[in-house]
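Undergrad: A single structure is presented below for examination.
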Amino acid sequence: MATERTLSIIKPDATKRNLTGKIVAKFEDAGLRVVASKRIHLSDKQAGAFYAEHAARPFYGELCAFMASEPVVVQVLEGEGAIAKNREVMGATDPAAADAGTIRKEFALSKGENSVHGSDSPESAAREIAFFFSGLELVG
Ligand code: RTP
Ligand code: MG
1 MATERTLSII KPDATKRNLT GKIVAKFEDA GLRVVASKRI HLSDKQAGAF
51 YAEHAARPFY GELCAFMASE PVVVQVLEGE GAIAKNREVM GATDPAAADA
101 GTIRKEFALS KGENSVHGSD SPESAAREIA FFFSGLELVG
């Protein structure tokens, strides 16, 4: 399997509860490497642009307000099959449906406040990495 990069976000419910280190440890334990990282506070408009694909969904307004409510930690994770591996470590969107040992099972509060985001395809990963990081910030 090829080495890939994916975009991860540690969401406001998790940064607020000081869970950043515990979440990063889960990724590292799974063989993913943090190759770029920053803590930022998104505006409602920036959150809306990031999640533009969900603009027509009923939860869009709530999602954007949540993502702009507190700082987030955005990271690029690298590794073998990183896109799928990251989503495996995250677990299902709804923590009630997530497998034991996953980040969302252990830490998520609800389907909306679910602690982490991960790119869902190579196309999304490329778009999402470019949304947050310039080439200069990506240290391999
Ligand atoms: P993400 O994009 O954040 O990695 O999560 P995902 O692929 O597992 O889920 P997706 O369907 O892309 O939804 C994006 C985020 O919107 C919130 N959501 N709320 N209240 C609801 O029914 C609902 N459904 C989705 C979650 O924060 C979800 O991660
Ligand atoms: Mg998604």
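According to the UniProt record's numbering, the stretch in the sequence shown is residues 1 to 140, in order. Every residue gets a Cβ at the ideal spot worked out from N, C-alpha and C, and that includes glycine.
Say yes only if the C-beta of Asn-86 is nearer than 6 Å to one or more non-hydrogen atoms of the ligand RTP, and no if none qualify.
TA: No.
Undergrad: Tell me the DSSP bridge mates of Gln-46?
TA: Partner(s): none; Gln-46 has no beta bridge.
Undergrad: Leaving out five residues before and five after Glu-62 in sequence, what residues of the same chain have Cβ atoms less than 8 Å from its Cβ?
TA: Gly-112.
Undergrad: Taking the alpha carbon of Gln-46 as the point to measure from, which residue in Ser-37, Tyr-60 and Val-35 has its own alpha carbon closest?
TA: The shortest C-alpha separation from Gln-46 is found at Tyr-60.
Undergrad: Just the Cα atoms here: how many angstroms apart are Arg-104 and Pro-12?
TA: Near 14 Å, if we compare the C-alpha coordinates of Pro-12 and Arg-104.
Undergrad: Write down the C-beta distance between Thr-6 and Pro-71 rounded to the nearest angstrom, noting that I regard them as a contact closer than 8 Å.
TA: That pair is no contact at about 21 Å.
Undergrad: In the DSSP assignment, find the unbroken alpha helix (DSSP H) run with Lys-105 in it and report its ends.
TA: It spans 103-107 - the alpha helix (DSSP H) in which Lys-105 sits, taken as one unbroken run.
Undergrad: Quick check: does the Cβ of Asp-120 come within less than 6 Å of any heavy atom belonging to the ligand MG?
TA: Yes, the Cβ of Asp-120 comes within 6 Å of a heavy atom of the ligand MG.
Undergrad: By the three-class DSSP mapping on this structure, what secondary structure does Lys-38 have?
TA: Lys-38: strand per DSSP, three-state reduction.
Undergrad: Less than 8 Å between C-beta atoms, sequence neighbours within five positions excluded: which residues of the same chain meet that for His-41?
TA: If we look at His-41 and ignore the five residues flanking it on each side, its Cβ neighbours are Ala-68, Glu-70, Pro-71 and Val-72.
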